[in-house]
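Residue numbers (this note's numbering): 1267 to 1492.
C-beta atoms are modelled at their ideal positions from N, C-alpha and C, and glycine is treated no differently.
A quick note: this is a predicted structure, and the numbers were derived from the prediction, not measured.
Notes follow once the structure below has been shown.
Laid out in structure tokens, this is it:
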């Protein structure tokens, strides 16, 4: 196994909650499947694969892609005004009257965080320059810049886990449950190590019934079933 702790900076990002229309409600941290998709896009930019094949290769490569709770963050709604009719009809409106009918507005929820940290575990080594090509985590406005990639062997440590884990692994702790897509695109119930206080999400922790490993700021369970 190969282990990476990825730090990305983004002013805003939005990953929609499963089964919610558009992005009216967003997860406070990216989901495992969103991270795998971002890696697949990076692999395409690096010329490692093409098209939809990249997503399949990324899914086969990644063992775990879990967000880590390392700081405070906040969610807020925003109204986006778009000419969606142009995308649907694949043509420009004939005149001003038609243009008005091609526009619509939607409410989306965005997250503000100073930094996003992701624990990535892969079966084979991924060159760091490929990981640094990750450019988006979420919807089309969710651009990010990877500013650091820590690659190394985790050490045995202790304490509460601060990455998202399957709810079945959680014994106790301070966390919030979310149904989200795992690394393979399957719906799973996850324990996100976050607690909301006064509209701000703060770092919590999850106690698991197994040994705990550390890589940088990421604290996670041993094994590959979490």
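- With a cutoff of 8 Å on beta-carbon distance, residue 1273 and residue 1383 are scored as near each other.
- Taking each of 1457, 1465, 1466 in turn and checking the Cα distance to residue 1474, the smallest one comes out for 1457.
- Straight-line measurement puts the Cα of residue 1344 at about 35 Å from the Cα of residue 1388.
- Taking C-beta separations shorter than 6 Å and ignoring five residues to either side along the sequence, the partners of residue 1296 in its chain run 1281, 1333, 1403, following chain order.
- Closest option to residue 1290, judged by alpha-carbon separation, among 1374, 1317, 1347: 1374.
- For the set 1413, 1306, 1490, the Cα lying nearest the Cα of residue 1325 is the one of 1306.
- Listed in chain order, the alpha helix (DSSP H) runs fully inside the segment 1288-1350 are 1298-1311, 1319-1327, counting runs of at least 4 residues.
- In the DSSP assignment, residue 1429 falls outside any alpha helix (DSSP H), carrying neither H nor E.
- In this model, residue 1450 and residue 1303 are separated by some 10 Å (Cα to Cα).
- When DSSP reads this structure, residue 1268 sits in a beta bridge with 1388.
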